[in-house]
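Numbering (the numbering used here), first residue to last: 674 to 889. Yeah, the Cβ is synthetic: ideal placement off N, Cα and C, and Gly gets one too. For reference, the structure is listed below as structure tokens.
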Amino acid sequence: MRLVRWLMKSAALAGQLEHFSKFSPSPLSMKQFLDFGSTNGCEKTSFAFLRQELPVRLSNIMKEINLLPDNLLSTPSVKLVQSWYVQSLMDILEFLDKNPEDHRVLSDFSDALINIRNRHNNVVPTMAQGVVEYKEAFGIDPVANQNVQYFLDRFYLSRISIRMLINQHTLVFDGSNPAHPKHIGGIDPNCDVLEVVKDACESAKMLCDQYYLISP
């Protein structure tokens with residue numbers, strides 16, 4: 674009986690993944706984030722949006738993961754990353770039919786988002802470790818490496834966007850952000866983007882010098 678339930682659950686999840694992966698993620702501007710968080714913020718509206726949008730974004734990148742070379746997919750680290758995405762998709766799907774008027778549902782949803790964010794904290798180093806495992810086991814193929822790099826660029830951008838959505842919801846609607854009271858969620862409306870980019874370049878240069886003794 675337990676096996677039957679597992680098979681039914683797996684089939685249902687596969688169906689949901691196929692369904693949501695047919696949609697494209699909704700494009701969102703920084704202005705929309707700021708406007709929603711500062712003036713028009715409604716937790717029920719955000720809940721209704723995210724319970725549809727997050728499955729779309731998770732499903733799309735999960736489909737892309739499945740297109741990776743079999744030898745890369747079979748590495749322990751990539752399998753672990755896949756399992757995190759599967760669990761996170763399952764967590765969000767639990768709320769598809771929940772009532773947004775129920776305050777307990779909204780609270781549980783925020784808790785689920787925090788759990789998802791924490792679960793994915795080590796996605797970047799774990800996926801990188803998977804690539805290392807793949808190269809050590811099967812050598813370096815320039816064509817395959819180029820395809821994998823293209824995937825990684827999309828994968829990391831997807832991760833950033835998902836975390837951005839999660840952070841905005843949890844920070845805007847938990848009632849406080851004591852460390853940064855002037856922020857709107859996780860966004861500093863007075864951020865000097867040019868200075869941040871310059872600082873990031875300096876940090877990258879320092880790391881290159883430290884590990885490779887040369888920097889661009």
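- Straight-line spacing of the CA atoms in V759 and L690 works out to 9 angstroms.
- Under the three-state reduction of DSSP, I813 is assigned to coil, being neither helix nor strand.
- The beta carbon of Q841 sits closer than 7 angstroms to those of F706, G710, G858 and G859, all from its chain and outside the five residues before and after it, given in chain order.
- Each of N791, I835 and H776 was checked against the Cα of I734, and the nearest Cα belongs to I835.
- If the five residues before and after M800 are omitted, its C-beta is found closer than 6 angstroms to the C-beta atoms of V754, all from its own chain and listed in chain order.
- I857 carries a strand assignment under DSSP once its states are collapsed to helix, strand and coil.
- Between A817 and the set P742, M763, S732 and K704, the nearest pair of CA atoms involves P742.
- Of the residues S876, A877, L838 and I789, the one whose Cα lies closest to the Cα of L723 is L838.
- Between the region 755-774 and the region 784-800 there are three or more C-beta pairs closer than 8 angstroms, enough to call the two in contact.
- The alpha-carbon separation between S719 and N772 amounts to approximately 13 angstroms.
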